[in-house]
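Everything in the sequence shown is counted per UniProt numbering, starting at 1 for the first residue and increasing by one.
In this text, a Cβ means the ideal position worked out from N, Cα and C, and glycines have one as well.
Please read all numbers here as calculations on a predicted model, not as lab measurements.
Scroll down for the structure; my scribbles are underneath it.
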Amino acid sequence: MSGSMEKALAILEYLAARPQGASLVSIATDLNQVRSGCHRTLNELGKYGYVRPLQRGTYALTTKLSSMGMSFLSKSGIIDIAQPVMNRLARETEELVRLAILDGNRLTLVAKAVGSKVGLLYDPDMGIDLRLSCSAAGHAWLATLSDQQATEAVVHQGLGDPASYGPNAPVSVTALLAMLQEHRKRGFSMIKDMYAPGMNSMAAVVRRKGELAVGALIVAGPSSRFTEDRMLQVGPILLKMANELALIGSASPLLKTDDRGTWGNMA
């Protein structure tokens, strides 16, 4: 990758995490880029419609990237295929249902269905990459790997800090591997107060028999309502829906195992 391309992509990723925008000084400093070069890159990105200036010296993303992402998901067919299954699961559980797609060793939330009619709703941002070490989807996928592969994936991304996630987020790979062993026995993951305080969630991988996982189906809710007993009750339903999604998912390239080494494989 050329230096200019790498710097431009770094700026886009930086601004994607800051919808309110950021100053030139902050961007250049945080990304360790020369201020004059950073300014030139921002101007180039602006010329092509990816970045816009706000007030003096402050920049933000335009909607072009998000529009491209939504268009990509729409044309991939993933929403049309997954939404009916997710809607049924949401109605049966009366909780929030999410679908995360696996790309290399990244799990990205791409779709949701809401089953709760009242009360607290657990609803993390669409499009985020989940932290593998402390998310239900991350645990479900890691449990399909060997301990060595799971360790490599987590070390590559880093462990989630309990101060930034939930108080039960594992602080060592050893603790995480012990959790994965329990998930393997159960057939799906269950986490409590791990991704966010007061929130519980569970996940099952989307995977056809004999193939690699392509994603994970997630159910999440407040710990006061979505208790361990309730999650165990939901487990068979979740597994059934994940298997159903795996069978029909090959119509979308995002839910199709790619033998060339992208979807469902380590990056």
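Item	Value
Cβ neighbours of A137 in the same chain (closer than 6 Å, five flanking residues each side left out)	A100, L107, L130, A203, A216 and I218
A28 beta carbon less than 8 Å from that of R35	yes
For M194 and V234, the rounded distance between their alpha carbons	19 Å
DSSP bridge partner residues for N200 (one or two, in chain order)	K192 and G221
Sequence-distant residues of its chain with Cβ nearer than 7 Å to Q33 (five each side left out)	K7
Outcome for N105 when other beta-carbon atoms lying within 10 angstroms are tallied against a minimum of 16	buried
Where P19 falls: helix, strand or coil (DSSP)	coil
Test item: CB-CB of V97 and G115 under 8 Å	yes
CA-to-CA distance, I11 to A169, given in whole angstroms	30 Å
Where the alpha helix (DSSP H) containing K112 begins and where it ends	First-last for K112: R106 to V114, but that is the beta strand (DSSP E), not the alpha helix (DSSP H).
Under the three-state DSSP convention, the category A169 falls into	coil
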